[in-house]
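Data block below; observations after.
Numbering (the working numbering), first residue to last: 243 to 536.
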C-alpha cells in the first residue's frame with residue numbers, strides 16, 4: 243500500500259485542482275508534491291489526473307479515489323479523537339490566506355494565546371482562496387466568500403484600497419507632492435484583479451497600454467513595491483504597519499469602493515464552541531483597534 247501521506251497529498255491536490263495550492267498547504271515545493279502524485283499513480287497503476295498546459299482535472303479513477311480517501315481520513319480523524327486523553331487545553335484550527343496572516347494576524351496572535359493559555363491554535367495557510375474544509379479548519383478568514391447554508395459568514399474586517407510606493411520611488415518621482423505622477427510608474431498588479439489599477443486612475447488618461455508587472459500573490463506584489471519596482475494597490479488597514487514603519491508610503495487618500503471586507507467563516511454546528519467564540523470576539527476587537535489607527 244502506498245504511504246498514507248501520499249493519499250493526503252492527493253486529496254489536497256484533487257480538492258483544489260492545483261499543485262501549487264496543495265504545496266502551500268503542505269509547506270512543500272510544487273515539484274515535491276508532483277513527485278508524490280506520480281509515485282501514487284505508479285503504485286496504483288492508474289492515472290489520477292489529466293494534465294493540461296496550465297490546469298489539471300481528475301480522471302474518473304481519480305474522482306472515485308477522492309471520495310474514498312475523504313471518507314477514510316474522516317473516519318481516521320474521528321478514531322484518533324476518540325483515543326485522545328482528556329486534557330485541559332482545547333484546539334482551534336484557523337485557516338487564513340498568507341497575505342492576511344503575514345500583514346496582520348501573526349503580529350497580534352501572541353496576545354490572544356497569552357490571554358487564553360487553555361487554547362492551542364493550528365494554522366492552515368494558503369496563498370490563494372480555498373473552499374472551506376471542515377476536515378482542515380474550524381474557522382477561517384476569507385475575503386468576500388460565497389454564502390453557504392451550513393456556514394456562518396460574518397463580516398468583521400472592513401478594508402479600503404490604498405496606493406503605496408517605496409520611499410525611493412516617492413523621492414525619484416516626487417510623489418509626495420505630486421501623487422498623480424504615480425500613473426507614470428510601473429504598476430504592480432494582481433493576475434486575479436488585472437483592471438484594479440486602471441479603475442484607480444480612471445479619468446486621468448488612457449492607460450490601456452500601460453506597462454504592468456503581474457503577480458499571482460498579493461504578498462509578493464507588496465515585497466516588490468518595497469524594493470521600488472513600482473506602485474501597488476493594497477488593503478488598509480492590513481498594511482498599517484508597513485506604512486507606520488515607513489517601508490511604504492501612502493499616496494493620496496484611501497478608496498473604499500475598490501476593496502471588500504474580510505469575513506469570519508465557520509460551520510453553524512461550531513457556533514458555541516468556546517475557543518471559537520473567544521477567538522471571534524478577540525478578532526473583532528483587534529479589527530476595531532486597527533480601523534481606528536491611521
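Just so it is clear, CB atoms sit at the ideal spot from N, CA and C, and this is done for glycine as well. No experiment lies behind these values; they were computed from the predicted model shown.
Beta-carbon gap between residue i and residue j smaller than 8 Å
i           : j           : result
residue 574 : residue 476 : Here the chain covers residues 243 to 536 and nothing more, so residue 574 does not appear.
residue 259 : residue 297 : yes
residue 489 : residue 368 : no
residue 403 : residue 501 : yes
residue 355 : residue 366 : no
residue 533 : residue 479 : yes
residue 455 : residue 472 : yes
Pairwise C-alpha distance: residue j and residue i
i           : j           : result
residue 567 : residue 415 : Nothing about residue 567 can be reported from this structure: the residues present for the chain run from 243 to 536 only.
residue 530 : residue 280 : 47 Å
residue 287 : residue 243 : 12 Å
residue 430 : residue 360 : 43 Å
residue 522 : residue 449 : 42 Å
residue 526 : residue 399 : 8 Å
residue 324 : residue 300 : 33 Å
residue 514 : residue 380 : 12 Å
residue 483 : residue 335 : 26 Å
residue 520 : residue 246 : 34 Å
residue 474 : residue 289 : 42 Å
residue 524 : residue 468 : 30 Å
residue 358 : residue 350 : 13 Å
Nearest residue (CA-CA) to residue i, options the options
i           : options               : result
residue 428 : 527, 440 and 418      : 440
residue 508 : 348, 389 and 442      : 389
residue 517 : 420, 364, 377 and 310 : 364
residue 453 : 426, 366, 289 and 316 : 426
residue 491 : 412, 500, 434 and 277 : 412
residue 408 : 464, 423 and 257      : 464
residue 248 : 269, 316, 472 and 283 : 283
residue 312 : 376, 245 and 519      : 376
residue 396 : 505, 479, 512 and 496 : 505
residue 276 : 285, 269 and 261      : 261
residue 528 : 346, 419 and 435      : 346
residue 499 : 481, 308, 317 and 442 : 442
Residue span of the alpha helix (DSSP H) that contains residue i, given as start and end
i           : result
residue 471 : Unbroken run through residue 471: none, as it is neither H nor E.
residue 324 : 302-325
residue 281 : 272-286
residue 185 : What is shown of the chain runs 243 to 536, which leaves residue 185 out entirely.
residue 430 : Per DSSP, residue 430 belongs to no alpha helix (DSSP H); it is in the beta strand (DSSP E), 429-432.
Span of the beta strand (DSSP E), counted from its first residue to its last, around residue i
i           : result
residue 456 : 454-457
residue 353 : From DSSP, residue 353 is part of no beta strand (DSSP E) but of the alpha helix (DSSP H) over 351-357.
residue 296 : Residue 296 -> no beta strand (DSSP E), and no H or E assigned at all.
Any chain B beta carbon closer than 8 Å to residue i
i           : result
residue 526 : No chain B is present in this structure, which holds just one protein chain.
task = Give a yes or no on contact between the region 340-359 and the region 455-473, applying the rule of three or more CB pairs nearer than 8 Å.
result = Touching, yes.
task = Spell out a yes or no on whether the region 294-313 and the region 248-262 are touching, meaning 3 or more CB-CB pairs, one atom from each, closer than 8 Å.
result = Using a C-beta cut-off of 8 Å, the region 294-313 makes contact with the region 248-262, since at least three inter-stretch Cβ pairs fall below that distance.
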